[in-house]
Amino acid sequence: MPDLHWTIPVARWSSWPAAASAAPDIGFIEPIVRRRLSTLSRVALKVAHDCTADDPVRVVFASRHGELRRTTDILRSISAGEPVSPTAFSLSVLNAMTGVFGIARGDRSAASAISAGAETLGYGLLEAHAQYAADAASPVLLVYADEPADSAYGTIEDEVQGGALAILLDEKTAVGYLDCALTDGTAPAPTSTSPRRFATQSQALQCCLDTGEPADWSGLAAIWQWRWHARAA
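Here the sequence shown is numbered in our numbering, starting from 1 and rising by one per residue.
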């Protein structure tokens with residue numbers, strides 16, 4: 001696998017921790033829609049809204065499991081011979097959040113959804129970069145949101161931590177730049193000066209954005225690296 005290196009201009013970013021005790025404020029969503037949303041969609045919409053204004057924005061939504069918990073509940077209802085809510089079914093797809101977000105904003109811009117196992121966030125960043133590089137006239141919003149799978153699925157390798165993160169790519173209003181790299185899995189032995197390594201991609205990227213310090217994450221066959229550079233005044 002060839003090494004990949006790319007840089008994205010970060011205008012704004014927002015996160016929501018998995019351990020948050022308060023419910024996210026998504027008052028911009030109509031109450032009749034809001035009450036039907038899952039926790040996953042709520043936190044995704046919260047961070048997405050934090051990063052956007054009124055201008056159109058393309059959205060890349062990344063989630064390893066997506067609405068798997070809602071889907072699991074639907075399957076349990078079917079197994080028990082119970083009726084399935086059409087609304088629950090329509091909101092069980094991976095890209096449900098992007099549809100709700102676009103409708104709430106009245107925004108017909110393109111939206112896509114990505115799921116790539118434990119490397120979902122990294123590939124979401126790559127997709128957002130590709131879309132922005134192809135057309136930098138309008139910003140691109142990356143939204144990552146996830147939660148652990150239902151216990152019915154047993155032990156999940158490299159299970160997600162949960163929570164949500166959104167990053168707005170826009171050169172015109174960038175406050176800094178995120179250097180991203182994907183290299184083969186042949187890494188040197190860590191030293192006292194090596195970047196910190198984390199259990200999940202979201203933990204690594206969150207630390208890089210919070211502290212400005214470099215962070216790495218190792219997968220089965222690749223190493224993902226993130227480096228932050230503040231924009232010069």
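Where a beta carbon is used, it is the ideal one built from N, C-alpha and C, also for glycine.
These figures come from a predicted structure and were not determined experimentally.
Below 6 angstroms CB to CB, which residues in the same chain sit around residue i once its five sequence neighbours on both sides are set aside?
i   : result
A18 : Q161, G162, G163
H5  : A181
V93 : none
K46 : W16, P24, I26
Return helix, strand or coil for residue i, following the three-state DSSP convention.
i    : result
T173 : helix
A215 : strand
Q225 : strand
V59  : strand
D220 : One point to set straight first is that residue 220 is Leu, not Asp, in the sequence displayed. In the structure shown, L220 sits in coil (DSSP, three-state: anything other than H, G, I, E or B).
G163 : strand
D210 : helix
A137 : coil
A199 : coil
Does the beta-carbon distance from residue i to residue j come in below 8 angstroms?
i    : j    : result
F61  : A116 : no
W16  : P9   : no
S109 : V57  : yes
T98  : V59  : yes
C208 : L141 : no
A215 : F198 : yes
D158 : L68  : no
In terms of residues, what are the limits of the alpha helix (DSSP H) holding residue i?
i    : result
Y123 : 120–134
R105 : 96–105
F89  : 86–90
Can you find the residues in the same chain that come closer than 8 angstroms, C-beta to C-beta, to residue i, ignoring five residues on each side of it along the sequence?
i    : result
S192 : For S192, the predicted structure reports a pLDDT of 49, less than 50, and the residue's modelled location is therefore unreliable. A value from the coordinates is still provided. Correct list: empty, nothing qualifies.
Could you please give the first and the last residue of the uninterrupted beta strand (DSSP E) stretch that includes residue i?
i    : result
V47  : Where V47 is concerned, there is no enclosing beta strand (DSSP E), although the alpha helix (DSSP H) it sits in stretches over 39–51.
T7   : 4–16
D73  : Counting along the chain, D73 falls outside any beta strand (DSSP E), though it belongs to the alpha helix (DSSP H) covering 68–79.
I32  : I32 -> not in any beta strand (DSSP E); alpha helix (DSSP H) instead, spanning 31–34.
S151 : First-last for S151: undefined, no H or E at that position.
D54  : Premise fails: D54 is in no beta strand (DSSP E) and is neither H nor E.
S112 : 111–114
D241 : The question about residue 241 has no answer here: the residues shown for the chain are numbered 1 through 233.
Run through the DSSP bridge pairs and tell me what residue i is partnered with.
i    : result
D179 : T7, R227
V143 : F61, A166
Return yes when the C-beta of residue i is under 7 angstroms from any heavy atom of the ligand GTP, and no when it is not.
i    : result
L141 : The ligand GTP is absent from the structure shown, which contains no ligand whatsoever.
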